[in-house]
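Enquirer:
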Amino acid sequence: MAARNIPQNEPVGRTGNPLPVWGKAIISALIAAHIAAITSTPFAFACNRGASPIAEAFRNFFLPYTSALYLAHGYAFFAPDPGPNHLVDYTVEFDDGRPAQKGRFPDLKTERPRLLYHRYFMLSEALHNRFAPPQFDREPTPPALTSSAGERERFAVIKKEYEDAKTRWQQDRRRYEAMRESIEDHLKRAYGADRAKVTRVEHRPADPDEVLYERRALNAAESYRELSETPPMR
Amino acid sequence: MNSGIQSIANWFREVARGWDRFWFTPALPHTLALVRICGGAMLLYTHAVWSLNLNAFLGRDAWVDARTAWLLNQDNQGHNYAWSYLYYIDSPALLWTAHIAALIVFALLMLGLFTRVTSVLAWVITIAYCNRLTGTLFGLDQINAFIATYLIVGDSGGAWSLDRWLAQRGKPLAQRNAREGVPYSAAPTIRTNIAIRLLQVHMCVIYLFGGIAKMRGETWWDGSALWYAFAQLEYQSIDMTWTAQHRWLLGLFTHVTVFWETFYCFLVWPKLTRPLCLAMAVGVHLGIAIFLGMKTFGLAMIIGNLAFVYPETVRDSVAWLSGLSRVLLRKTHPQVASRGSLAVAATR
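Protein sequence lines correspond, in order, to chains A and B.
Using the numbering used here, the letters of the first sequence map in sequence onto residues 1300 to 1533.
Using the numbering used here, the letters of the second sequence map in sequence onto residues 172 to 519.
1) Is ALA471 of chain B close to chain A? Criterion is C-beta to C-beta, closer than 8 Å.
2) If you check the beta carbons only, do ARG303 of chain B and ALA240 of chain B fall under 8 Å apart?
3) If the cut is a Cβ gap below 8 Å, which residues of chain B does SER1327 of chain A touch?
4) Check VAL1500 of chain A in the structure and name its three-state DSSP category.
5) Step through the CB atoms of chain B and report whether any lies within less than 8 Å of the CB of LYS1401 of chain A.
6) Can you check whether the CB of HIS218 of chain B is closer than 8 Å to the CB of ALA299 of chain B?
7) Counting only beta-carbon separations shorter than 8 Å, does GLN1470 of chain A have a partner in chain B?
8) Which residue wins for smallest C-alpha separation from PRO482 of chain B, given the options B:LYS466, B:PRO359, B:ALA402, B:GLY454?
9) Shorter than 7 Å, the distance from the beta carbon of ASN251 of chain B to the closest heavy atom of the ligand FAD, or not?
10) In its own chain, which residues sit with a C-beta less than 7 Å from the C-beta of VAL324 of chain B, not counting the 5 before and 5 after it?
11) Counting beta carbon pairs with one atom in the stretch 463-478 of chain B and one in the stretch 203-220 of chain B, are three or more of them shorter than 8 Å?
12) Buried or exposed: GLY341 of chain B, going by 16 or more other Cβ atoms within 10 Å of its Cβ?
13) Please work out which residues of its chain come closer than 7 Å, Cβ to Cβ, to ASN315 of chain B, disregarding the five sequence neighbours upstream and downstream, and give them in chain order.
14) Can you check which of these residues, B:LEU420, B:ALA415, B:PHE317, is closest to MET374 of chain B by C-alpha distance?
15) Between which two residues does the alpha helix (DSSP H) holding THR363 of chain B run?
16) From PHE380 of chain B to CYS1346 of chain A, what does the alpha carbon distance come to, in whole angstroms?
17) Please report the straight-line C-alpha distance between HIS456 of chain B and TRP391 of chain B, rounded to a whole angstrom.
18) Which same chain residues, not among the five before or five after ALA1399 of chain A, have their C-beta less than 8 Å away from its C-beta?
19) Buried or exposed: LEU513 of chain B, going by 16 or more other Cβ atoms within 10 Å of its Cβ?
20) Spell out a yes or no on whether the stretch 185-200 of chain B and the stretch 263-277 of chain B are touching, meaning 3 or more CB-CB pairs, one atom from each, closer than 8 Å.
21) Distance cutoff 8 Å, beta carbons only. Does ALA1520 of chain A sit that close to anything in chain B?
22) For ALA198 of chain B, which three-state DSSP category applies?
23) Give the residues of chain A in contact with ARG387 of chain B, contact being defined as C-beta atoms less than 8 Å apart.
24) Does the stretch 1514-1526 of chain A touch the stretch 1409-1422 of chain A, meaning 3 or more C-beta pairs lie closer than 8 Å?
25) With DSSP as the reference, please indicate the residues paired to LEU422 of chain B in a beta bridge.
26) Below 7 Å on C-beta distance, what does LEU223 of chain B contact in chain A?
27) Please report how far the alpha carbon of GLY1322 of chain A lies from the alpha carbon of GLU1450 of chain A, in whole angstroms.
28) Are the CB atoms of GLY306 of chain B and PHE1376 of chain A within a distance shorter than 8 Å?
29) Using the Cβ count rule (16 or more neighbours within 10 Å means buried), how would you classify HIS606 of chain B?
30) Less than 8 Å separating the beta-carbons of THR1529 of chain A and PRO1432 of chain A?
31) I need the straight-line Cα distance from THR425 of chain B to MET451 of chain B, nearest angstrom please.
32) Between the stretch 1330-1342 of chain A and the stretch 1361-1379 of chain A, do three or more beta carbon pairs fall short of 8 Å?
33) Establish whether the CB of VAL220 of chain B and some CB of chain A are separated by less than 8 Å.
34) Taking Cβ-Cβ distances below 7 Å as the criterion, which residues of the stretch 293-304 of chain B are in contact with chain E?
35) By the three-class DSSP mapping on this structure, what secondary structure does TYR1461 of chain A have?
36) Just mark GLU1513 of chain A as buried or exposed, buried being the case when its beta carbon has 16 or more other beta carbons within 10 Å.
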């Protein structure tokens, strides 16, 4: 290697004084806390996003730090399975008689370079990921009057869990509506339109057999479907 | 009993020594400097692309406006820790001024000018953009953010920077080094080592949980996951549907990917397996860059993996490449080579 012929480098700067033990102890504690923090969110993700009370408490403890430093990520790239992608179809309408216009994002033809296209792709994916249905699950049915004390206690726990989940749903729904309205407002201003409506679209990737034996193209019309804003209640 | 206590005490002493050696051994700045140059270039490019649609993403009437971004960043108790000065910028002129200033900071970081200051500013700007642009981000931004974070810890301007060039101007050693092609740099420091170690550990965390997440899926076990990645038209940059005829190949790469990703955090440390582990990382991320339309993300992950290359290796490799380029230049353009030799060496 040519590098062997190069004379030994002589450092020009200062190595600095070695750290005292107390200095190392403080830095070590900070390092340990930081490593705990960066593992807290992916660990909670791995534990079914909050199903484990320990993982959720661990994540929540570090959340102010990880959120502030943009470190709260699950790192689940193409996981658990590379699934369908989500696009957004939109229609803008005008009161002055101009015909309505339709569009879709992301669109590789108009959004260049690829990184800009990917921003639009993530926007449509984020809108889908934020979706919360407009109505929440039905309330749990109370036990019969003749039920035992144990059954009534169990129901009280279920009712509490239901109320907590309902509160979370209300917040999720508010966030989804805010994001959808923000996108619609942007479209209205961008087109000078009076109304805008967005629709989430799911694009299912073809199976290998469909491509191999049915000669199905990846953009086949039947692989796209509009997603309902009001899926059936559970 | 005494020997048992002694053994336990020895074990703790060994652990403490190992921890001390791992975190507090001074390291040369070359690896971190290379991460600064590549990471700085990626930050500059990433943010330059926002310029193409700045008002649509960050303006008053953005796709996700500031009020909505604030709401999306709130936790269920109503707290928003995801700070950003961009929530408060309403005027297009001010937004463009702040954006151009951000691009200048990233360029200065990449060049290594006023690195102590620009690294901190680059970190503040990167996090502010990420927190404001919620809803439009992906893996690239996560990698950009943590690289920017660790660049402020270490002496990233300690080599191949304008800071070093300015500091060495006129010094006899520097002149000799420049003549002889020696890559001069700052001395090894503990904080540079800590920065590199944090980068390394963070890469391990990403791959470990990435692998665990994949292990929960079905397609990563039945060998079809890679197909479903290729079959996503929205990601695809090269048509890979011909692989439907070679399912054993898809299966092989699917299984190798998930095992490599999960065990990266073990295989990347021993000297024996580190080169293989890193070669695999380069292969996987180049694959993502070339086939799945994410050149920036693929390259950002490769930049993160640079943290595992020893600074001496980085220094010697760059010196070797530089020597090679000078030899080629001398052969093809002898006059340019003789004029530029001092300048070329000084910029290393």
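Heads up, the beta-carbon is just placed ideally off N, CA and C, and yes, glycines get one too.
Expert: According to the structure data:
1) Cβ-Cβ to chain A under 8 Å: no for ALA471 of chain B.
2) Result yes, Cβ atoms of ARG303 of chain B and ALA240 of chain B sit closer than 8 Å.
3) In chain order: TRP190, TRP194.
4) Three-state DSSP puts VAL1500 of chain A in a strand.
5) With 8 Å as the cut-off, LYS1401 of chain A does not count as an interface residue toward chain B.
6) Cβ atoms of ALA299 of chain B and HIS218 of chain B: not closer than 8 Å.
7) Judged by the 8 Å Cβ criterion, GLN1470 of chain A is in contact with chain B.
8) The shortest CA-to-CA distance from PRO482 of chain B to any of B:LYS466, B:PRO359, B:ALA402, B:GLY454 is the one to B:PRO359.
9) This structure lacks the ligand FAD; in fact it carries no ligand of any kind.
10) So the qualifying residues of the chain are ARG362, ILE365, ALA366, LEU369.
11) Result yes; three or more Cβ-Cβ pairs closer than 8 Å.
12) When all chains shown are included, GLY341 of chain B counts as exposed.
13) Leaving aside the five residues that flank ASN315 of chain B on each side, the residues in its chain whose CB is nearer than 7 Å to its CB run, in chain order, MET213, LEU214, THR217, THR297, ALA471.
14) Across the set B:LEU420, B:ALA415, B:PHE317, the C-alpha of B:PHE317 shows the shortest separation from the C-alpha of MET374 of chain B.
15) Bounds of the alpha helix (DSSP H) holding THR363 of chain B are 361-386.
16) One Cα belongs to PHE380 of chain B, the other to CYS1346 of chain A, and the distance between them is close to 11 Å.
17) In this structure, the alpha-carbon of HIS456 of chain B lies about 18 Å from that of TRP391 of chain B.
18) Excluding residues up to 5 positions away in sequence, THR1390, VAL1391, GLU1392, PHE1393 lie with their Cβ nearer than 8 Å to the Cβ of ALA1399 of chain A in the same chain.
19) Note that LEU513 of chain B scores 46 on pLDDT, short of 50, meaning its location in the model is unreliable and no value can be drawn from it.
20) No contact exists between the stretch 185-200 of chain B and the stretch 263-277 of chain B.
21) With 8 Å as the cut-off, ALA1520 of chain A does not count as an interface residue toward chain B.
22) If DSSP states are grouped into helix, strand and coil, ALA198 of chain B belongs with the strands.
23) Neighbours of ARG387 of chain B on chain A, chain order: ALA1345, ALA1378, PRO1379.
24) With a cut-off of 8 Å, the stretch 1514-1526 of chain A and the stretch 1409-1422 of chain A do not count as touching, because too few Cβ pairs lie within range.
25) Looking at the sequence provided, one finds Gly at residue 422 of chain B rather than Leu. GLY422 of chain B is not bridged to any residue.
26) By Cβ distance, chain A contributes LEU1415.
27) The C-alpha of GLU1450 of chain A is placed about 57 Å away from the C-alpha of GLY1322 of chain A.
28) The Cβ atoms of PHE1376 of chain A and GLY306 of chain B lie no closer than 8 Å to each other.
29) Residue 606 of chain B is absent from the model: chain B starts at 172 and stops at 519.
30) Yes, they are a contact pair.
31) Spanning the two alpha carbons is a distance of roughly 13 Å.
32) At 8 Å Cβ cutoff, the stretches touch.
33) So yes, VAL220 of chain B belongs to the interface.
34) Among the protein chains of the structure shown, namely A and B, there is no chain E.
35) In this structure, TYR1461 of chain A counts as helix in the three-state DSSP scheme.
36) Counting of Cβ neighbours within 10 angstroms places GLU1513 of chain A among the exposed residues, the total staying below 16.
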